[in-house]
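Each residue of the sequence shown is one higher than the one before, counting from 9 in the working numbering.
Note that the Cβ used here is the ideal one computed from N, Cα and C, for glycine as well.
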Amino acid sequence: MIIYVDTSAALKLVVEEPESGSTAEYLSAAGQRGDRLIASMLLHTELHCAAGRRGLPSELVNAVLAGINLADLVRSDLTYAAVLPGKLRSPDAIHLAAAIRVEADLLVAFDKELLGAATQAGLRTLTPGGNP
């Protein structure tokens, strides 16, 4: 199974939040099952920027990113993101477009608008330990 990991989920692995434990457990178990964890390179930028704003070490971000396959963004991700359903912020729309392009079976996220748009686009979604 291909599991697309949005920044809202990956950030729970860097910053301690109520859903951090359940997110870490789910993604770890998925990796051990042989599921493929994937995100676009946008995750690299967003996580490093979020960590920098919080004064967290880049080594922590790099450890999280090491467990996720990062796919390059392509022009079609950006053009498709502009026409996706919902009122998404640009990064969320880009993540959704990339998830669709890589044929993700599941999108793991905590952002309500992104989850709604992903469902409209035909993707299964999961929010480990959360109620979006």
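Within the same chain, and ignoring the five residues on either side of residue 55 in sequence, the residues whose Cβ sits closer than 8 Å to its Cβ are 15, 18, 19, 22, 69, 72 and 73.
Annotated three-state conformation of residue 116 is strand, per DSSP. Secondary structure note for residue 69: its alpha helix (DSSP H) is the uninterrupted segment 66-73.
Inter-residue distance for residue 87 and residue 37 is about 34 Å (C-alpha atoms, whole angstroms). The DSSP-derived three-state label of residue 90 is coil.
Among the bridge pairs identified by DSSP, residue 48 is matched with 79.
Straight through space, the alpha carbons of residue 93 and residue 127 are spaced by roughly 10 Å. In the pairwise beta carbon analysis, the stretch 75-82 is classified as touching the stretch 103-116: at least three pairs are separated by under 8 Å. DSSP places residue 132 in the uninterrupted beta strand (DSSP E) bounded by 132-134. Distance check between residue 27 and each of 98, 96, 116 and 43 places 116 closest, using alpha-carbon atoms only. Distances from the alpha-carbon of residue 46 to those of 67, 104 and 57 put 104 closest. Between residue 113 and residue 132, the CB-CB gap stays under 8 Å.
The C-beta of residue 99 has 16 or more other C-beta atoms within 10 Å across all chains shown, which makes the residue buried.
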